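Residue numbers (our numbering): 51 to 508.
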């Protein structure tokens with residue numbers, strides 16, 4: 051999500067900007083050639099890519115053009131480009147843009163069929179549009195045993211299964227997942243213990259917990275309420291876990307009892323009664339700030355935001371932060387919302403194999419583990435979540451709770467792949483905000499939201 055483009059957590063717990071070259075990770079990787087056999091091998095921390103048994107230098111002398119978005123992964127991997135260049139004999143030319151500029155440039159390049167870029171990052175919300183329009187190259191033939199990439203070594207099955215599904219179209223892998231987040235409950239364990247809150251067995255129990263925590267602070271709950279994807283992203287966690295579905299065919303179904311229940315729970319009770327004043331202006335940044343400053347004790351949002359909440363330079367209570375997986379509802383099992391960044395190859399690229407070789411290096415288990423172990427940022431590779439250095443960023447049972455959530459994601463229930471969803475989500479958000487600001491009846495608001503989404507999707 052947008053917060054991943056803005057922040058990362060360093061080894062010392064220092065939250066720094068990843069937007070500039072000066073804020074990028076200094077990983078100090080190196081490359082070498084072993085013996086006199088001509089077999090290239092690059093070190094990645096204590097790991098070696100020599101075990102891949104691949105011909106890394108087959109495209110020696112060529113230049114690979116990348117379109118990247120400012121992001122923790124970009125900052126970390128860019129510092130390692132000399133390693134890739136030494137390993138392969140190729141040169142990398144990267145155009146790294148701010149998130150908004152990146153989306154504009156990617157849309158122009160992909161929709162026009164331009165051959166400017168050989169590889170690019172893919173945003174979660176845009177992935178469906180890119181895939182359905184045929185703008186991305188299918189990847190199974192490159193990473194499934196073609197001879198270019200050692201399939202057993204690269205191991206696409208190591209990516210979280212829901213992330214692979216979200217990165218696929220009709221069963222074909224269209225992008226590789228870079229990072230993975232899902233909705234979690236973040237809370238102050240010291241204040242929870244004082245209030246007698248020991249667990250969150252259901253979504254509905256969050257209301258009771260907020261009521262108990264209100265003895266320590268007037269408005270203990272924090273959450274996003276701003277127009278657009280902000281309020282819709284968090285609301286979706288509650289909606290799916292009530293058993294709701296966004297559409298029946300092409301007809302919006304957010305006027306269902308499940309949608310009304312989710313709106314009553316998140317917007318009418320948690321945000322309105324126990325949330326911060328001015329919640330309709332809150333994105334993840336403001337909501338997280340209320341936790342860091344000690345003005346909130348209970349927060350439901352994306353697991354990636356832990357890098358902000360656990361930052362000792364901006365948070366007053368890092369040692370008292372705990373995490374719980376998304377709870378079930380009284381009606382259905384937990385179905386947390388998600389966010390992935392992905393990496394793809396443009397259909398128009400003239401260097402598809404070269405791009406695949408770059409991803410084989412940049413998104414290998416070795417590189418992914420080393421990058422995440424240095425930054426604490428949430429990799430989409432499941433094996434990274436068992437690395438001891440990486441887990442040091444997530445004390446106690448945090449990683450167990452986060453992984454359980456990442457495995458529980460149901461990407462087919464969130465319509466990111468629907469080309470009209472951004473405008474439909476905006477229409478939905480306006481009705482949610484009317485409940486929050488104007489006290490509109492949730493049932494009426496959801497009926498109006500369904501009609502507004504239908505108009506927006508025409």
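C-beta atoms are modelled at their ideal positions from N, C-alpha and C, and glycine is treated no differently. Only a predicted model underlies this, so the values are computations on that prediction, with no experimental measurement involved.
{"Check": "When DSSP builds the beta bridges, which residues end up paired with residue 145?", "Outcome": "117"}
{"Check": "In the DSSP assignment, what are the bridge partners of residue 167?", "Outcome": "Per DSSP, none; premise fails for residue 167."}
{"Check": "Please name the residue or residues paired with residue 227 in a DSSP beta bridge.", "Outcome": "392"}
{"Check": "Hey, could you find the ends of the alpha helix (DSSP H) residue 205 is sitting in?", "Outcome": "Premise fails: residue 205 is in no alpha helix (DSSP H) and is neither H nor E."}
{"Check": "Assign residue 277 to one of three DSSP states: helix, strand, or coil.", "Outcome": "coil"}
{"Check": "Express the C-alpha separation of residue 363 and residue 63 in angstroms, rounding to a whole number.", "Outcome": "Unreliable positioning characterises residue 63 in this predicted model, as indicated by a pLDDT of 34, which lies under 50. The coordinate reading is nonetheless provided below. Computed Cα separation, rounded: 8 Å."}
{"Check": "Select from 283, 508 and 144 the residue whose C-alpha is nearest the C-alpha of residue 385.", "Outcome": "283"}
{"Check": "Would you decide whether residue 173 is buried or exposed? Buried here means 16 or more other CB atoms lie within 10 Å of its CB.", "Outcome": "buried"}
{"Check": "Should residue 365 be labelled buried (16 or more other beta-carbon atoms within 10 Å of its own) or exposed?", "Outcome": "buried"}
{"Check": "Applying the criterion that 16 or more other CB atoms from any shown protein chain within 10 Å of the CB defines a buried residue, is residue 314 buried or exposed?", "Outcome": "buried"}
{"Check": "Grab me the residues of residue 435's own chain with a C-beta within less than 7 Å of its C-beta, minus the 5 sequence neighbours each way, in chain order.", "Outcome": "449 and 453"}
{"Check": "Threshold first: 4 residues or longer. Then list the alpha helix (DSSP H) segments lying entirely within the stretch 299 to 335, N to C.", "Outcome": "307 to 313"}
{"Check": "How close, in whole Å, do the beta carbons of residue 212 and residue 459 come, if the pair is a contact with beta carbons under 8 Å?", "Outcome": "4 Å"}
{"Check": "Going by CA-CA distance only, name the one from 382, 236, 206 and 204 that's closest to residue 447.", "Outcome": "236"}
{"Check": "With which residues is residue 247 paired in a DSSP beta bridge?", "Outcome": "None, per the DSSP bridge assignment."}
{"Check": "My output table needs one value for residue 198: the three-state DSSP class, helix, strand or coil.", "Outcome": "coil"}
{"Check": "Pull up the CB-CB distance for residue 337 and residue 233, whole angstroms please, since I reckon it's below 8 Å.", "Outcome": "Not quite, the Cβ-Cβ distance comes to about 13 Å (not below 8 Å), so this is no contact."}
{"Check": "On a CA-only basis, which of 304, 266 and 113 is nearest residue 495? Give me that one, please.", "Outcome": "304"}
{"Check": "Taking DSSP as the reference, what is the three-state secondary structure of residue 444?", "Outcome": "coil"}
{"Check": "Quick test of the definition: if touching needs 3 or more C-beta pairs under 8 Å, does the stretch 415 to 428 touch the stretch 322 to 333?", "Outcome": "no"}
{"Check": "To the nearest angstrom, report how far apart residue 218 and residue 465 are at their CA atoms.", "Outcome": "14 Å"}
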